[in-house]
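Below: one structure, written as structure tokens.
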Amino acid sequence: MPRSERSPLLLAGLLATAGITHFVAPRQYDATIPRALPGTPRTWTYASGAAELALAAGVALPRTRRVAGLATAAFFAGVFPANVKMAVDWRNRPAPLRAAALARLPLQVPLVLWARGVARSGEGRS
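Laid out in structure tokens, this is it:
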């Protein structure tokens, strides 16, 4: 399978795995939900997990890939505040955990670019 055909499936796999973990281990995600959001952190955790599962399905299907890829790029940008909160909250944790939290911040850029690339690969399909 050529790389261009694998990329959307790999992205879909990443999204699906992340989405599932929101339901299997929600506590770790609850802690990253910014306090300024209305409702409970668990509601946001489950909603974002469901969104990731829906995005995974959309990216996996050629017919919906373009729109789902763009929505995924927006989603990755939208969860950036949670990553910032995690980095701030973990500033006093042991160095490896602190480094992991900080590493998530610049990781959002390649994720957004990957999703945009997948969206471009889906252009012209219907």
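Letter 47 of the sequence shown, counting from 1, is numbered 47 in full-length UniProt numbering, and no numbers are missing. Heads up, the beta-carbon is just placed ideally off N, CA and C, and yes, glycines get one too.
So what does DSSP say about residue i, is it helix, strand or coil?
{"i": "V79", "result": "coil"}
{"i": "P41", "result": "helix"}
{"i": "R93", "result": "coil"}
{"i": "T17", "result": "helix"}
{"i": "R65", "result": "helix"}
{"i": "S126", "result": "Residue placement at S126 is flagged as unreliable, the pLDDT there being 47, under the threshold of 50; the coordinate-derived value follows with that caveat. The answer is coil: DSSP assigns S126 none of H, G, I, E or B."}
{"i": "E5", "result": "helix"}
{"i": "T32", "result": "coil"}
{"i": "A87", "result": "helix"}
{"i": "A47", "result": "helix"}
{"i": "A25", "result": "coil"}
Going by beta-carbon coordinates alone, are residue i and residue j separated by less than 8 Å?
{"i": "A60", "j": "A99", "result": "no"}
{"i": "A82", "j": "I20", "result": "no"}
{"i": "T45", "j": "P26", "result": "yes"}
{"i": "A103", "j": "M86", "result": "no"}
{"i": "V88", "j": "L105", "result": "no"}
{"i": "E52", "j": "L15", "result": "yes"}
What distance in whole Å lies between the Cβ atoms of residue j and residue i, which are believed to be in contact at a cut-off of 8 Å?
{"i": "G58", "j": "V67", "result": "7 Å"}
{"i": "R65", "j": "G117", "result": "Going by Cβ atoms, the distance from R65 to G117 rounds to 11 Å, so no, they are not a contact pair."}
{"i": "A73", "j": "A115", "result": "4 Å"}
{"i": "L70", "j": "A119", "result": "5 Å"}
{"i": "F75", "j": "Q108", "result": "At roughly 10 Å, the Cβ-Cβ gap does not stay under 8 Å, so F75 and Q108 are not in contact."}
Any beta carbon from chain B within less than 8 Å of residue i's own beta carbon?
{"i": "A12", "result": "The question asks about chain B, but that chain is absent: this structure has only one protein chain."}
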